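Asks:
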Amino acid sequence: MDKKHLWVLTEERPKKAVIEHILCRFARDRRFACFLDKLRILPILENGRFSFLYEITGFHCNRVDRIYVRCIGGTSSFVDFLIFYQNDQPDATSAPIYAIEETKTDDSESRNTAVGQRSAKFVHIGQYYPNTKMIMLYNLRIPPKARPTATNVFGTRLLQTIGVEFIGKELDPEVFRPFSSVDEILESKRTMRRPPSGNVPILINKANGVITISGRLIKSNALAHDPSIGQLSAISAALRQLGWAGRIVVTSHGLLQKHLHSRNKFVRIANALAVELDGLTMPKAVDKGVYWNYESEGEKLGTVFIHIVVENFTEGYSIFENHAGCEKGYFLTKEGTPLQIEKYSDRAAYKAGDRTKIISIPDLILIDFGRSEIINVEGKRYRFRHDGIRELASFSDIEARYIRPHYPEFHILRTVVLYGSKEQRLIEIEFGFLLNEDGDLILGVRAPALFREAIKNLLDFWA
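According to my numbering, the residues represented by the sequence shown are 440 to 902, in order.
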């Protein structure tokens, strides 16, 4: 019987609920018999050192040998998960069976980021892996709106048209279905409500063999307006999918020729789809290079590691996460209610120029119920370790507005978790843990007791 490994490569912190969705989808698609016990994510140690591989346990299938997880990074339009079913560890030339974008965001929070802003990722990956199944995975913590917005419906249908599948959320097939023609896309967009005055609406018109799409693409004096980039990419890709061979021209974009660079993600997508920018010459995109690489430098290698070890080897767990390059989570109250953390302590004052009114947030907040402690964690690469110490002083707002009101009896600690270097010891008391580039696990002189318990239990497990 053919038996292979499953490889889950991700730039997100792997969550058990998301991994379970992926494993069940894989087994269903392959028609493999399987059953699930309690899933665990275990860092693999070799001679007491972290191998930078995690293993998933609790999934039983005669066609799957072992399930590995490893952290990767990619371009600015990189999906959250790539899944491979093969014996050898994947490299950038390996073809994934799934490309998965995970989101906790729905209409109830944002019309743009829920679907539109992420659309460019699916258009982009098709240039690298045209035969890979694309999936949007909803990992919702807040109930979705009973009635989806027109923006959400339109964006979802565009993605369905280019072959993206949706899991983790029920879609009414009478509402959510692929577009069947170019004219249906134009008519659907025409009937949508216009945005507030002052915004550039995305409008689609067809005349004389040319389709024009208006959409603002400039932000901060650069081609960087992600919501519009996503929507324009998805519209253009859907038009091409439905057979439109004529010109597609983006108007009202606000760009100048100097804003166009051959490495920009929209320029790459526009080259692939033969999309023009009104009044400008589209540069030829440079060689696209590899889509992903194994992460070897980012600070999240340290914070994700301590997060996973705490949740799998102690009774502690996270009540908030914002690992570098990952989606920001919710703050969990003692009752388990998810709260979206506000960006500003005083929005009006911040917009008026007072930059002290932004709420600084840690990369991770851990709770240790047994010791009645909450640990605010700032992650940093080793060479920027002293920046981490300075940033610890900025957590007063989040402690005053969220932690103390919901956990009044808990003592709050602040610590820095580091990744990198060949260093073998930590001297400064602000440093709680270092994962060095050789995989050594180094505790600080005043590391939180939860860290010490987690690392001891991990080492005992592998001993």
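For every residue, glycine included, the Cβ atom is placed at its ideal position computed from N, Cα and C. Here the structure is a predicted model, which is why all the values come from computation and not from measurement.
When DSSP builds the beta bridges, which residues end up paired with His499?
Replies: The residue given as residue 499 occupies position 60 in the sequence shown. Paired residue(s): Phe474.
Asks: The alpha helix (DSSP H) with Ile894 in it runs from where to where?
Replies: Along the sequence shown, one-based indexing puts residue 894 at 455. Here the alpha helix (DSSP H) through Ile894 covers Ala888 to Trp901.
Asks: In the DSSP assignment, the alpha helix (DSSP H) including Phe815 goes from what residue to what residue?
Replies: For the purposes of this step, residue 815 is taken as the residue at position 376 of the sequence shown. According to the sequence as given, residue 815 is Asn; it is not Phe. Premise fails: Asn815 lies in the beta strand (DSSP E), Glu812 to Arg820, not in any alpha helix (DSSP H).
Asks: To which residues of the same chain is Val725 closer than 8 Å at the C-beta, ignoring the five residues directly before and after it?
Replies: Working through the sequence shown from its first residue, we reach residue 725 at position 286. Taken in chain order, the residues that qualify are Ser701 and Arg702.
Asks: By Cβ distance, which residues of its chain are closer than 7 Å to Gly871, with the 5 residues on each side in sequence left out?
Replies: Residue 871 sits at position 432 when you count from the first residue of the sequence shown. Here the set comprises Thr854, Val855, Val856, Gly883, Ala886, Pro887 and Phe890.
Asks: Would the beta-carbon of Ser667 fall within 8 Å of that of Ile708?
Replies: Against the sequence shown, residue 667 aligns to sequence position 228. Against the sequence shown, residue 708 aligns to sequence position 269. No, they are not a contact pair.
Asks: Using CA atoms only, rank isn't needed, just tell me which of Ile828, Asp807 and Tyr524 is closest to Val749.
Replies: Here the question's residue 749 lines up with position 310 in the sequence shown. Per the Cα distances, Asp807.
Asks: Check whether the Cβ atoms of Ile624 and Ala677 sit closer than 8 Å, and answer yes or no.
Replies: Within the sequence shown, numbered from 1, the residue matching residue 624 stands at position 185. Within the sequence shown, numbered from 1, the residue matching residue 677 stands at position 238. In this structure, Ala677 lies closer than 8 Å to Ile624 by Cβ.
Asks: Tell whether a beta-carbon distance below 8 Å holds between Leu681 and Ser620.
Replies: Against the sequence shown, residue 681 aligns to sequence position 242. Against the sequence shown, residue 620 aligns to sequence position 181. Yes. Within cutoff.
Asks: Within a Cβ cutoff of 7 Å, which residues of the same chain sit near Glu817, ignoring the five residues on either side of it in sequence?
Replies: As a working note, residue 817 is residue 378 in the sequence shown. Closer than 7 Å at the Cβ level, and outside the excluded window around Glu817, lie Pro801, Asp802, Gly827, Glu830, Leu831 and Val855.
Asks: Does the beta-carbon of Gly565 have 16 or more other beta-carbons within 10 angstroms, so that it is buried, or is it exposed?
Replies: For the purposes of this step, residue 565 is taken as the residue at position 126 of the sequence shown. Residue environment for Gly565: buried (at least 16 other C-beta atoms within 10 angstroms of its C-beta).
Asks: What is the residue span of the alpha helix (DSSP H) that Phe615 lies within?
Replies: Looking up residue 615 in the sequence shown gives position 176. Element bounds for Phe615: n/a, residue is neither H nor E.
Asks: Using the Cα positions of Leu874 and Glu541, report the straight-line distance between them to the nearest angstrom.
Replies: For this step, residue 874 is matched to residue 435 along the sequence shown. For this step, residue 541 is matched to residue 102 along the sequence shown. Going from the Cα of Leu874 to the Cα of Glu541 covers about 27 Å.
Asks: Beta-carbon within less than 8 Å of Leu610's beta-carbon, same chain only, minus the 5 sequence neighbours each way: which residues are those?
Replies: Stepping through the sequence shown from its first residue, residue 610 is reached at position 171. Correct list, in chain order: Thr595.
Asks: What is the DSSP secondary structure of Tyr627, counted as helix, strand or coil?
Replies: Position 188 of the sequence shown, counted from the first residue, corresponds to residue 627. For the sequence presented, residue 627 should be read as Ser rather than Tyr. Looking at Ser627 - three-state DSSP - the assignment turns out to be helix.
Asks: From which residue to which residue does the alpha helix (DSSP H) around Lys789 run?
Replies: Counting from one through the sequence shown, the residue named residue 789 turns up at place 350. According to the sequence shown, residue 789 is Tyr rather than Lys. Where Tyr789 is concerned, the enclosing alpha helix (DSSP H) stretches over Arg786 to Lys790.
Asks: What are the start and end residues of each continuous beta strand (DSSP E) run of 3 or more residues lying completely inside the stretch 538-607, in chain order?
Replies: 572-577 and 604-606
Asks: Skipping 5 residues on each side, what residues in its chain have a beta carbon closer than 7 Å to that of Ile758?
Replies: Taking the first residue of the sequence shown as position 1, residue 758 is located at position 319. Taking Ile758 as the centre and dropping the five residues before and after it, the same chain places the C-beta of Phe770, Leu771, Ile804 and Ile806 closer than 7 Å to its C-beta, in chain order.
Asks: Straight-line CA distance for Pro847 to Lys455?
Replies: Reading the sequence shown from its first residue, position 408 is the one you call residue 847. Reading the sequence shown from its first residue, position 16 is the one you call residue 455. For Pro847 and Lys455, the distance between alpha carbons rounds to 29 Å.
Asks: Since I believe Glu738 is in contact with Lys819 (beta carbons under 8 Å), could you give me their beta-carbon distance rounded to a whole number of angstroms?
Replies: As a working mapping, residue 819 is identified with position 380 in the sequence shown. As a working mapping, residue 738 is identified with position 299 in the sequence shown. Correct: roughly 5 Å between the Cβ atoms.
Asks: Please report how far the alpha carbon of Leu462 lies from the alpha carbon of Asp527, in whole angstroms.
Replies: The sequence position of residue 462 within the sequence shown is 23, counting from 1. The sequence position of residue 527 within the sequence shown is 88, counting from 1. Computed Cα separation, rounded: 19 Å.
Asks: What's the gap between the Cα of Gly487 and the Cα of Ala902?
Replies: By 1-based counting over the sequence shown, the position of residue 487 is 48. By 1-based counting over the sequence shown, the position of residue 902 is 463. A direct Cα-to-Cα measurement between Gly487 and Ala902 gives close to 8 Å.
Asks: For Arg633, which of helix, strand or coil comes out of DSSP?
Replies: As a first step, residue 633 must be located in the sequence shown, where it is residue number 194. Correct three-state label for Arg633: coil.
Asks: Using the beta-carbon count (16 or more within 10 Å), is Thr449 buried or exposed?
Replies: The count along the sequence shown starts at 1 and reaches residue 449 at position 10. By the 10 Å Cβ count, Thr449 comes out buried.
Asks: How many whole angstroms separate the CB atoms of Phe705 and Leu656, which I take to be in contact at a CB cut-off of 8 Å?
Replies: Within the sequence shown, residue 705 is the residue found at index 266, counting from 1. Within the sequence shown, residue 656 is the residue found at index 217, counting from 1. About 7 Å separates the two Cβ atoms, so the contact holds.
Asks: Can you say whether Leu695 is buried or exposed, counting buried as having 16 or more other CB atoms within 10 angstroms of its CB?
Replies: Taking the first residue of the sequence shown as 1, we reach residue 695 at position 256. Answer is exposed; the Cβ neighbour count stays below 16.
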